[in-house]
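Working notes, structure below.
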Amino acid sequence: MARMRGLAPAFIIGVGGLFVLFMVISDSNVLEALGGRTNDVGFVNGTAITYQEFQFAVDQQTEMRKNQTGKDLEESEFEQIREQVWESLVTQKLLKEQIDKYGITVSDEEIKDVILGENPPQFLMQNFIDSTGKFNRQMYESAIRDPRNKDAMVQAEELVRQQRLTEKLQSMLLAGIVVGDQEVKQRFIEQNTKMNVEYALIDLSLFPDSEIKYDENDLKSYYNNNLDKYKILAQRKLKFVLFPNVPSADDSAQIKKDMENIKAAVLRDTLDFKANVEIYSSLPYSRDTLVISAIPEQAANKIYNSSPGLIGPVATYEGYCLYNFLGTVASGETQVRASHILINQMGSDEKNLEEANRIYQQLISGADFAKIAKEKSGDPGSGARGGDLGWFGKGAMVPEFEKACFEGKVGEVQKPVKTSYGYHIIKVTARSDRKYVVEKIVNPVKQSATSRDIVFNQANDFSYIAQKNGFEKEAKTLNYSIQETTPFQENALSIPILGNNKRLLKFAFENGVNTVSDVFKVSNGFVVVMVSEVIKEGVKPFEEVKDLVKIQVVREKKYEKAKQLASDLKRKINGDLNRVAEFNPNVKVLQSGEFTPLAPSPSVGRDFGFIDAALKLEPNKISDPVKGLRGYYLMKLTGKTPFDETAFNNQKSMLKQSILTEKKNAYFTQWLAKLKEDAEIEDNRHIFFGQ
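For the sequence shown, my numbering begins at 2 and goes up steadily by one.
This is the structure in structure tokens:
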């Protein structure tokens, strides 16, 4: 109850966000009050989606997302939100058009009945349900009438109005959808009929490819009879140079400087560290007690060698971190830090061991371990770090290596140890049996606007000169890496590698081969592209798909052989399925185990040919050959639950409603998709957002 009393005065929190996604914004005064640009982001059958309503919706969704995650959004998340809002507004414009077309209205009295009715909308009820799940109607109605909630109630009423308009439109469209008794009966059978089948599978694998005879005429005949399989829509391929948006050295240096200033402020302040985390950190406060290997490597080594106090800032995978090291506690886990030199490149086990022993002798005579690791180790990752593997606990390494590390003395170079990787010369550099109590301030290294401008200018310069002198020539001159997409269609949701970018998609299909683009923004930077291939709509030539045709022709001929063998076996076994092995020892009789049409046999899988045949079989009779996914079956039904009339009558109403809901959802989804397909939709988002 205390929770509900606290929420009641402002119970419509969150309605604004719902309102944006579900309501067609129609109040021009509200939009004008928002100010800003007056251009249109797009049109749906001539009806504008204004910049104001689009950006208002994006801002609302962005704020909701930030409140949910507690952190700022990445550019890719902004793009995702803009896409979701765009699709939502397009849908709402189309639905409003249909609502107006059919003259559908909702009265104020209807709105009142919904809000004050027996079952109020869930988004209004949710803050008036106590811990036992009981809805407090008295408090709900009191909050609705509270003058402080007037503005929120106006929005809530408009949301309810839009929902009711859509529901009425759906009711009109879906009124003709019915479910027949036979559909209900079939669903009941699929869910409840349990069967057992004894079967022999004449698997296609019984017929080696080498035994299948075919000629060129067979291939061409199959190709000509299956042209639909080889139809293609118009496609494009792009070559591109990516200029990634990554932080520069200056960006990193600036964050480090900022963290140094934060450290100085923390040392000056009388606030506790938690308060400083809340002021300065990009991540929420936590106090963690960790084994040393659970701390980022760059920080772990400093903490291990330090007394309690402030440590850092240290560059880690999270960004720059300032740690408040509070001390250690006992741990039941031992952690080690070790370096190794791997010898596995000498051509034979004997020579690898000989080389490992030679290096071992050098090391115990005083040679520099790190230097030799960089020069000789067959592990390039640790070799580049002088052999250092960092901190790790038990279970992280192969057993032989682990044993040597956890039993070895700190600072001692061990004799070569053999594992499946080769021979290792190991040096344990530190050991810890403590856990470390830490707090931290974290700030990621992000690309600055200045760095982003530099990257854009690089891309822009390349675009300019590539348009004059040639894309590939200039990329080679400037040592830029060229990548290429796989083919994609004009209706693609995203471009391979490059992601969702409608402006880039438009460029690809409006320009010819070798056309070089201006700069496009993508999720991870900027790109300059060149149309590298134009694939026209049509049927792929026979020669291009000949290898695929061969596979299908061979498979079809195997099916013919499998069917013939199945027919021969049925004739010979004389009604006794267990005799198949007498005539062909490669064909086994198997048991399906109990299965239903919706929960198929594990030994057969979801093979609808098998399942449909099983439903139609008479008990204990051998079927004619049944075509399945793996070959042909001979089947015998050994068990089947009878149709339960009583259970069917008990479930009939529920099943009918379930099927009706499925059919209505499917129809409405298809209807809406067709509405979008036939609509004239003009998307100008790229003008505003570069998408």
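In this text, a Cβ means the ideal position worked out from N, Cα and C, and glycines have one as well.
query	result
Taking Cβ to Cβ, would you say Thr-430 is nearer than 7 Å to Glu-401?	no
Secondary structure at Ser-602, three-state DSSP: helix, strand or coil?	coil
Strictly under 7 Å for the Cβ-Cβ distance: is Glu-119 near chain B by that measure?	Going by chain labels, chain B is absent from the structure shown, which holds only one protein chain.
Which term fits Ala-58, buried or exposed, when burial requires 16 or more other beta carbons within 10 angstroms of its beta carbon?	buried
Would the beta-carbon of Gly-379 fall within 7 Å of that of Leu-343?	yes
Is the distance from the Cβ of Tyr-634 to the Cβ of Phe-611 below 7 Å?	yes
Can you tell me whether DSSP reads Ile-682 as helix, strand or coil?	strand
Cα-Cα, which of Gly-47, Gly-134, Lys-113 is closest to Leu-95?	Gly-47
On a Cα-Cα basis, can you pick out the residue from Glu-475, Tyr-52, Ile-233 that is closest to Lys-537?	Ile-233
Who does Gln-652 pair with in a DSSP beta bridge?	Paired residues: none, contrary to the question.
Mind pulling the alpha helix (DSSP H) runs of 4 or more residues that sit fully within the stretch 258-333?	274-281, 298-305
If Val-535 sits next to Gly-513, beta carbons under 8 Å apart, how far is it from one beta carbon to the other, in whole angstroms?	7 Å
For the beta strand (DSSP E) containing Leu-390, name the first residue and the last one.	389-393
Could you tell me the distance, in whole angstroms, from the CA atom of Gly-177 to the CA atom of Ser-654?	18 Å
For Asn-621, collect the residues of the same chain with a Cβ closer than 8 Å to its Cβ; drop the 5 residues on either side in sequence, then sort them by chain order.	Lys-637, Leu-638, Thr-639
Rounded to a whole number of angstroms, what is the C-alpha to C-alpha distance between Phe-79 and Asp-684?	17 Å
So who's on the other strand from Glu-485, going by DSSP bridges?	Lys-240
For Phe-79, which three-state DSSP category applies?	helix
Below 7 Å between beta carbons: does that hold for Gly-310 and Leu-323?	no
May I have the straight-line CA-CA distance separating Lys-551 from Gly-606, to the nearest angstrom?	27 Å
Is Tyr-560 helix, strand or coil by DSSP?	helix
Can you list, in chain order, the residues of its chain with a C-beta nearer than 6 Å to that of Lys-628? Leave out the 5 residues immediately preceding and following it.	Gly-610
Within 10 Å of its beta-carbon, does Lys-121 have 16 or more other beta-carbons around it, so buried, or fewer, so exposed?	The sequence shown places Pro at residue 121, not Lys. That one is buried.
State yes or no: is the C-beta of Ile-203 within less than 7 Å of the C-beta of Val-588?	yes
Please classify Gln-139 as buried or exposed, where buried requires at least 16 other C-beta atoms within 10 Å of its C-beta.	exposed
Where does the unbroken alpha helix (DSSP H) through Gly-610 begin, and where does it stop?	609-617
Closest to Gln-85 by C-alpha separation, out of Lys-72, Gln-62, Gly-71, Lys-67, would be which residue?	Gln-62
Under three-state DSSP, which class holds His-687?	helix
How about Tyr-281 and Ile-263: are their beta carbons less than 7 Å apart?	yes
Less than 7 Å between the C-beta atoms of Gly-418 and His-425, yes or no?	At residue 418 the sequence reads Val, which differs from the Gly that was named. In contact: Val-418 and His-425 (Cβ atoms closer than 7 Å).
Does DSSP classify Asp-131 as helix, strand or coil?	coil
Just to confirm before moving on: does the CB-CB distance between Gln-484 and Phe-241 stay below 7 Å?	yes
Considering only C-alpha positions, which residue in the set Thr-642, Leu-656, Lys-559, Asn-68 is nearest to Gly-632?	Lys-559
Going by alpha carbons, who is nearest to Leu-90 out of Phe-44, Val-278, Ile-105, Thr-70?	Phe-44
Apart from the five residues on each side of it in sequence, which residues of its chain come closer than 8 Å, Cβ to Cβ, to Trp-672?	Leu-174
Taking one C-beta from the stretch 485-500 and one from the stretch 460-468 each time, how about it: are there three or more such pairs within less than 8 Å?	no
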